[in-house]
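Chemist:
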Amino acid sequence: MQGFHLLTYFTFKDYIDCLFLLAEESERQKRYDIALEFYEEAYSKLEERAKRQYLFEEIKDRIRRIYCGRLARRAQPREALLYYEKVLELDLFKSERAQVHKKMAECYIKLGDYYSASTNLNIALSLKPNLRGTQRIHAKLEERLGPNAPLNQSF
3 MQGFHLLTYF TFKDYIDCLF LLAEESERQK RYDIALEFYE EAYSKLEERA KRQYLFEEIK
63 DRIRRIYCGR LARRAQPREA LLYYEKVLEL DLFKSERAQV HKKMAECYIK LGDYYSASTN
123 LNIALSLKPN LRGTQRIHAK LEERLGPNAP LNQSF
């Protein structure tokens, strides 16, 4: 919407509500690229103010869900990695970051980049040592890199 600035017509809270509703409807229509534009705009505006304001966490979760749950899941590994990198730009909790790094490790394995996979698995385990689903990744990496692979052994 070039040339049309909603903040001119709404209070900040109503503006965020409007962006959220537009994003929500776009997501319902499976127009994820447009939904992300609205969610990311709202996230950016809320981040400029106090992070824990109205809808901040909900918007962050929806951005993460679209990138990780909708787009990355359907994408080829190289494209999925780009989506995961975008998610890592968000202010995520440690457990959320760990899950993203685990997914990145899985992508790198599919691409045959076992050292990047190892790096991401180690980051995931350093963030959440008891992260579920890492044994399978660890076994694949050990198979490819050998028993002396640079892997964090705690899971």
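Residue numbers (my numbering): 3 to 157. Beta carbons: idealized from backbone N, C-alpha and C, even for Gly.
Considering only residues of the same chain and omitting the five flanking positions on each side of L8, which have a CB-CB separation below 8 Å?
Modeler: Y17, C20 and L21.
Chemist: Can you look up K32 in the DSSP assignment and give me helix, strand or coil?
Modeler: It is coil, neither helix nor strand.
Chemist: Count the other CB atoms, across all protein chains shown, that sit within 10 Å of the CB of E60; report buried if there are 16 or more and exposed otherwise.
Modeler: Exposed, by the Cβ-count rule.
Chemist: Can you tell me the Cα-Cα spacing of L90 and Y11, whole angstroms?
Modeler: Between L90 and Y11, the C-alpha separation is close to 33 Å.
Chemist: Buried or exposed for E108, going by 16 or more other Cβ atoms inside 10 Å?
Modeler: Looking at its Cβ environment, which holds 16 or more other Cβ atoms inside 10 Å, E108 is buried.
Chemist: Is N122 buried or exposed, if buried means 16 or more other CB atoms sit within 10 Å of its CB?
Modeler: Its Cβ being crowded by 16 or more others within 10 Å, N122 is buried.
Chemist: Where do the ends of the alpha helix (DSSP H) carrying F58 lie?
Modeler: Unbroken alpha helix (DSSP H) run through F58: F58 to R66.
Chemist: Judging by CA-CA distance, which residue of L84, G114, R51 and I139 is the nearest neighbour of K15?
Modeler: Minimum Cα distance to K15 is reached at R51.
Chemist: For S97, count the other beta carbons within 10 Å of its own beta carbon; 16 or more makes it buried, fewer makes it exposed. Which is it?
Modeler: Answer is exposed; the Cβ neighbour count stays below 16.
Chemist: Once you ignore the five residues that flank K112 on each side, which residues in its own chain have a CB closer than 8 Å to its CB?
Modeler: P79.
Chemist: State the DSSP-derived secondary structure class of H103, mapped to helix, strand or coil.
Modeler: Here H103 sits in helix by DSSP.
Chemist: Helix, strand or coil, according to DSSP, for L133 in the structure here?
Modeler: Three-state DSSP puts L133 in coil, outside helix and strand.
Chemist: Taking P79 as part of the alpha helix (DSSP H), name the residues at either end of that continuous run.
Modeler: Start and end: P79 to L90.
Chemist: So what does DSSP say about F12, is it helix, strand or coil?
Modeler: Three-state result, F12: coil.
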